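Residues in the sequence shown are numbered consecutively from 1, following the working numbering. Using N, Cα and C, we set each Cβ at its ideal position, and we do this for glycine too. It should be emphasised that the depicted structure is a prediction, and the values quoted were computed from it without experimental measurement. One structure is given here, and the rest of the page talks about it.
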Amino acid sequence: MSVPVLLLEAAGPESQALAQTAAASGYSVHAVTDAGALASYSGELRQLLAGCLVTDFTRPDQAVADITGYGHRIGVKALLTVNEYLTEVAARSCAALGLPGNDPERAAAARNKALMATAFEAGHVTTPRTKVVTDPRDLHEAGAVGFPCVVKPADGAGSAGVTVVAGPEDLEPAWHAARAARVMYGMPRDERVLIQEHVQGGEFSVESVIQNDITTHLCITRKHTTDGIHRVELGHALPARLPATAERALHEQAGRAIAAVGVRNGATHTELVLGPDGRCTVLEIGARLGAGHIGVLMQHALGIDPWRTLWDIALGRPVTIAPAPGGYATVRFLTTPHAGRLVAVTGLPAVTTTIPAVRVRAAEGSDIGPATSNRGRLGHVIVTGHDPRKVDERADRILRQITVTVAPGSRT
Numbered sequence: 001m002s003v004p005v006l007l008l009e010a011a012g013p014e015s016q017a018l019a020q021t022a023a024a025s026g027y028s029v030h031a032v033t034d035a036g037a038l039a040s041y042s043g044e045l046r047q048l049l050a051g052c053l054v055t056d057f058t059r060p061d062q063a064v065a066d067i068t069g070y071g072h073r074i075g076v077k078a079l080l081t082v083n084e085y086l087t088e089v090a091a092r093s094c095a096a097l098g099l100p101g102n103d104p105e106r107a108a109a110a111r112n113k114a115l116m117a118t119a120f121e122a123g124h125v126t127t128p129r130t131k132v133v134t135d136p137r138d139l140h141e142a143g144a145v146g147f148p149c150v151v152k153p154a155d156g157a158g159s160a161g162v163t164v165v166a167g168p169e170d171l172e173p174a175w176h177a178a179r180a181a182r183v184m185y186g187m188p189r190d191e192r193v194l195i196q197e198h199v200q201g202g203e204f205s206v207e208s209v210i211q212n213d214i215t216t217h218l219c220i221t222r223k224h225t226t227d228g229i230h231r232v233e234l235g236h237a238l239p240a241r242l243p244a245t246a247e248r249a250l251h252e253q254a255g256r257a258i259a260a261v262g263v264r265n266g267a268t269h270t271e272l273v274l275g276p277d278g279r280c281t282v283l284e285i286g287a288r289l290g291a292g293h294i295g296v297l298m299q300h301a302l303g304i305d306p307w308r309t310l311w312d313i314a315l316g317r318p319v320t321i322a323p324a325p326g327g328y329a330t331v332r333f334l335t336t337p338h339a340g341r342l343v344a345v346t347g348l349p350a351v352t353t354t355i356p357a358v359r360v361r362a363a364e365g366s367d368i369g370p371a372t373s374n375r376g377r378l379g380h381v382i383v384t385g386h387d388p389r390k391v392d393e394r395a396d397r398i399l400r401q402i403t404v405t406v407a408p409g410s411r412t
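Structure follows, in structure tokens:
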């Protein structure tokens, strides 16, 4: 008899990888989504699913009740999500079903950045100076943080609504941008806005898995981001090869962040800045596997199957992870500085053993523009190898050979 498992949202690259892995393992995969997202499910994805629960995520309490009832009916043995917006619902549902999950009382702190800031302070996590404001008349509090500063929504994701502000005159537009950031599924908004110190240094993330409160750090990822007022992630590369003291500092702070927000079982993606003086600062944490194809990079560079690992943790099976040494992988994202209608993307490389993924996700004829968040990325290329310098140079060279042609104006 197949093992019934629940996946909170099956749309998206990471979610589909989880669904495919579960189906290939012989599990009976059931998805939980809302009516709008369900309409986007491809025929191939629907064929993987043994069942689907459509719920209303705008009412989280009702969604948890629906998931709990559905889980009992199918005899669910595991529940997972890699969707940023559903990690709290997942923790509460796991608790109600008696499945391995995260602390339901603290799960909101891994999703909501205002609550996260409070949890980090209580957990002695090194973080940027932060002020939480509820009214634009309180923007003067940015003075206590200093300039430049970062203005972000309490409940955002994927860099949406995040602005780097140079001076007081730019605070109000940044406030409105943060408040205008879209939340998936029409979920209830937290109207608070964070003003944070802009910490200088190299940007990294620590990818970790946790089982029964025991943390294993899988790797450190080096992040490539844009400059300017919007900080869009243009690429990831792993494993970052750093001095032992820097690795220890990043791991220590990531471990404190994981404990502070109550992650007990599953994956975390902790974003940090490593300053030129060696100071390590945690920006935020997600109670999920890193997005932006980080899971795929780990497969190629480390020989780790993160999807199978996550299902094993969710099923309560003992997990032992041994990353293979010597590999390296990077993903680079396609963007354009021009707004208009996408005419073509040319110069793409062929897929090979060392270029295992090439994809353009924006359709020809669609309206595109400069990326102000990670949602504005047009596609990606993954490059693998053993020499980090050569792999990065090759990825840069490939990007220079790709041309994104944009016609002025929007479609009519």
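Next item on the list: Count the other C-beta atoms from every protein chain shown that fall within 10 angstroms of the C-beta of I258, then say buried if there are 16 or more, exposed otherwise.
Entry: Here residue 258 refers to the residue found at position 258 when the sequence shown is read from its first residue. Buried, by the Cβ-count rule.
Next item on the list: Return the CA-CA distance between A19 and A144, expressed in angstroms with no decimal places.
Entry: Counting from one through the sequence shown, the residue named residue 19 turns up at place 19. Counting from one through the sequence shown, the residue named residue 144 turns up at place 144. Rounded to whole angstroms, the separation of the alpha carbons of A144 and A19 is 46 Å.
Note to self: Among R179, E197, A339 and S159, whose alpha-carbon lies nearest the alpha-carbon of P136?
What the structure shows: Position 136 of the sequence shown, counted from the first residue, corresponds to residue 136. The candidate whose alpha carbon is nearest that of P136 is R179.
Notebook entry, point to check: Closest by CA to E207, which one among L115, Q253 and T245?
Noted result: What you label residue 207 is simply residue 207 of the sequence shown in a count that begins at 1. Answer by Cα proximity: Q253.
Note to self: In the DSSP output, what is Q299 paired with across the bridge?
What the structure shows: Your numbering for residue 299 matches position 299 in the sequence shown. In DSSP, Q299 forms no bridge with anything.
Next item on the list: Name the two residues that bound the continuous beta strand (DSSP E) containing A391.
Entry: The count along the sequence shown starts at 1 and reaches residue 391 at position 391. For clarity, residue 391 is Val in the given sequence; the question names Ala instead. Where V391 is concerned, there is no enclosing beta strand (DSSP E), although the alpha helix (DSSP H) it sits in stretches over P388 to Q401.
Check: Hey, would you say G146 sits closer than 9 Å to R129, going by beta carbons?
Finding: As a working mapping, residue 146 is identified with position 146 in the sequence shown. As a working mapping, residue 129 is identified with position 129 in the sequence shown. The criterion of a C-beta distance shorter than 9 Å is satisfied by G146 and R129.
Item checked: Beta-carbon proximity check, P323 vs P239, cutoff 9 Å -> The residue you call residue 323 lines up with position 323 of the sequence shown. The residue you call residue 239 lines up with position 239 of the sequence shown. In this structure, P239 lies closer than 9 Å to P323 by Cβ.
Checklist line | Residues that C219 bridges to, as DSSP identifies them | finding: The residue you call residue 219 lines up with position 219 of the sequence shown. Partner(s): E207.
Margin query: Nearest by alpha-carbon distance to A22: which of D34, P306 and I214 is it?
Written below: Counting from 1 along the sequence shown, the entry for residue 22 is found at position 22. Of D34, P306 and I214, the residue nearest in Cα terms is P306.
Check: Are H236 and G292 close, meaning C-beta to C-beta below 9 Å?
Finding: Mapped onto the sequence shown, residue 236 falls at position 236. Mapped onto the sequence shown, residue 292 falls at position 292. With respect to the 9 Å criterion, H236 and G292 are classified as neighbours on the basis of their beta carbons.
Check: Taking Cβ to Cβ, would you say L289 is nearer than 9 Å to V331?
Finding: Numbered from its first residue, the sequence shown carries residue 289 at position 289. Numbered from its first residue, the sequence shown carries residue 331 at position 331. At the C-beta level, L289 and V331 stay beyond 9 Å of one another.
Note to self: Quick check on DSSP: helix, strand or coil for A78?
What the structure shows: Counted from its first residue, the sequence shown places residue 78 at position 78. Here A78 sits in strand by DSSP.
Checklist line | Coarse secondary structure for I313, derived from DSSP in three states | finding: Locating residue 313 in the sequence shown gives position 313, where the first residue counts as 1. In the structure shown, the three-state DSSP call for I313 is helix.
Next item on the list: Return the bridge partner residues of R359 from the DSSP annotation.
Entry: As a first step, residue 359 is located in the sequence shown; it is residue number 359 there, counting from the start. Beta-bridge analysis with DSSP links R359 to H380.
Margin query: Can you confirm whether the region 50-60 touches the region 27-40 when touching is taken to mean that 3 or more C-beta pairs between the two stretches lie within less than 8 Å?
Written below: Between the region 27-40 and the region 50-60 there are three or more inter-stretch CB-CB distances shorter than 8 Å, so the stretches are counted as touching.
Margin query: Check whether the region 342-349 and the region 261-273 touch, using three or more Cβ-Cβ pairs below 8 Å as the test.
Written below: Counting Cβ pairs under 8 Å, fewer than three are found: no touch.
Notebook entry, point to check: Going by the CB atoms, is the gap between A90 and T3 shorter than 9 Å?
Noted result: By 1-based counting over the sequence shown, the position of residue 3 is 3. By 1-based counting over the sequence shown, the position of residue 90 is 90. Strictly speaking, residue 3 in this sequence is Val, with Thr absent from that position. Taking 9 Å as the Cβ cut-off, V3 and A90 do not qualify as a contacting pair.
Check: Which residue from I210, L242 and G36 puts its Cα closest to that of T221?
Finding: Within the sequence shown, numbered from 1, the residue matching residue 221 stands at position 221. Out of I210, L242 and G36, the CA that lies nearest to the CA of T221 is found in L242.
Margin query: Can you find the residues in the same chain that come closer than 6 Å, C-beta to C-beta, to D312, ignoring five residues on each side of it along the sequence?
Written below: Taking the sequence shown and counting its residues from 1, one reaches residue 312 at position 312. Close CB contacts of D312 within its chain, under the 6 Å cut and outside five residues either way in sequence, are with V319 (chain order).
Check: Buried or exposed: A17, going by 16 or more other Cβ atoms within 10 Å of its Cβ?
Finding: Locating residue 17 in the sequence shown gives position 17, counting from the first residue. Note on A17: 16 or more other CB atoms within 10 angstroms of its CB, so buried under the neighbour-count rule.
Item checked: Option nearest D213 by Cα separation, candidates A267, A160, L234 and P168 -> Working through the sequence shown from its first residue, we reach residue 213 at position 213. Nearest in C-alpha terms to D213, of all of A267, A160, L234 and P168, is A267.
Next item on the list: Mind checking who P4 pairs with in its DSSP beta bridge?
Entry: Position 4 of the sequence shown holds residue 4. Looking at the DSSP output, P4 shares a beta bridge with S28.
Next item on the list: Could you name the residues that DSSP lists as bridge partners for K152?
Entry: Position 152 of the sequence shown, counting from 1, holds the residue named residue 152. DSSP output for K152 lists L194 as bridge partner(s).
Check: Do you know how far the Cα of A117 is from the Cα of I285?
Finding: Start at 1 with the first residue of the sequence shown, and residue 285 comes out as number 285. Start at 1 with the first residue of the sequence shown, and residue 117 comes out as number 117. Cα to Cα, I285 sits roughly 10 Å from A117.
Notebook entry, point to check: Going by other Cβ atoms of all chains shown within 10 Å of its Cβ, with 16 needed for buried, is V351 buried or exposed?
Noted result: Locating residue 351 in the sequence shown gives position 351, counting from the first residue. Counting Cβ neighbours within 10 Å, V351 comes out exposed, since fewer than 16 surround it.
Margin query: Is it buried or exposed, V404, if we count other Cβ atoms within 10 angstroms and call 16 or more buried?
Written below: If you number the sequence shown from 1, residue 404 lands on position 404. Answer is buried; the Cβ neighbour count reaches 16.
Next item on the list: Leaving aside the five residues before and after A108 along the sequence, list all residues of the same chain whose C-beta is less than 6 Å from its C-beta, in chain order.
Entry: Position 108 of the sequence shown, counted from the start, is the residue given in the question as residue 108. Hits under 6 Å: E88 and L115.
Check: Hey, out of T126, D103 and K152, whose CA is closest to T134's CA?
Finding: Numbered from 1 along the sequence shown, position 134 holds the residue referred to as residue 134. Nearest C-alpha to T134: K152.
Next item on the list: Could you tell me whether the Cβ atoms of A154 and E191 are closer together than 9 Å?
Entry: Looking up residue 154 in the sequence shown gives position 154. Looking up residue 191 in the sequence shown gives position 191. Yes, these two residues count as a Cβ contact at 9 Å.
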